[in-house]
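J.: Residue numbers (the numbering used here): 20 to 125.
Glycine is no exception: its CB is placed at the ideal position from the N, C-alpha and C atoms.
Keep in mind the model is a prediction, meaning the values are calculated, not measured.
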Amino acid sequence: MDRKITDFQKRVYSATTAIPAGRVATYGMVARMIGCGSARAVGQALKRNPFAPKVPCHRVISSDRSPGGFFGETGEPAINKKSRLLKKEGVTFDSAGRVNSEHLMP
DNA sequence: TCTGTGACCGCTG
DNA sequence: ACAGCGGCCACAG
C-alpha cells in the first residue's frame, strides 16, 4: 500500500490535526482554510485518511452540523460512534444529533 | 489521456 | 420550511 500522499492531502491532514479537542470544523471550512473551494476533495482525503488515529477525522463535520461520515462509512452506526467520540471530547449535541454551533471553528 | 465518482456546499423554485 | 440542481477539486480505473 502506498503511504505516499499528495501535497494537497497533506494539507488536509495538517488542518484536521490542527483542530483542538472539543472543537469541530466543517469540510468547507477546512477546504477554504487550505485554499481549496471544494469540500469534496477534503472528504476524499479524510476518507482515505492513511493516518487514521493521527488525524481526528471525527472532528470534521458537514456544514449542516451533521456528523457526515466516519472512516468511509456514512451509515448510522458509524455516525453514532463518531458522535460518541465527539461527546467524549466535550462536544455537545442537540436533539437533532447535530453538533452545537458554539463548537464550530470561527 | 479522459471519464466517473465522492465523508460536500450553496443557491433557487 | 423542504426539495432539487449545479458547481467545485482531487483521485482512481
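Please identify the residue among Ser102, Lys107, Leu123, Pro125 whose C-alpha is closest to the C-alpha of Ser114.
T.: The shortest C-alpha separation from Ser114 is found at Ser102.
J.: With DSSP as the reference, please indicate the residues paired to Glu92 in a beta bridge.
T.: Paired residues: Phe89.
J.: Quick check on the burial criterion: 16 or more other C-beta atoms within 10 angstroms. Buried or exposed for Pro96?
T.: Exposed is the call here.
J.: Which residues bound the alpha helix (DSSP H) around Thr36?
T.: Counting along the chain, the alpha helix (DSSP H) containing Thr36 begins and ends at 26-36.
J.: Can you list, in chain order, the residues of its chain with a C-beta nearer than 6 Å to that of Asn68? Leave out the 5 residues immediately preceding and following it.
T.: Answer for Asn68: Val74, Cys76, listed in chain order.
J.: May I ask you to report which of helix, strand or coil DSSP gives Val61?
T.: Residue state, collapsed to three classes: helix.
J.: Can you give me the start and stop residues for the alpha helix (DSSP H) that Met52 sits inside?
T.: 46-53 is the span of the alpha helix (DSSP H), which, as asked, contains Met52.
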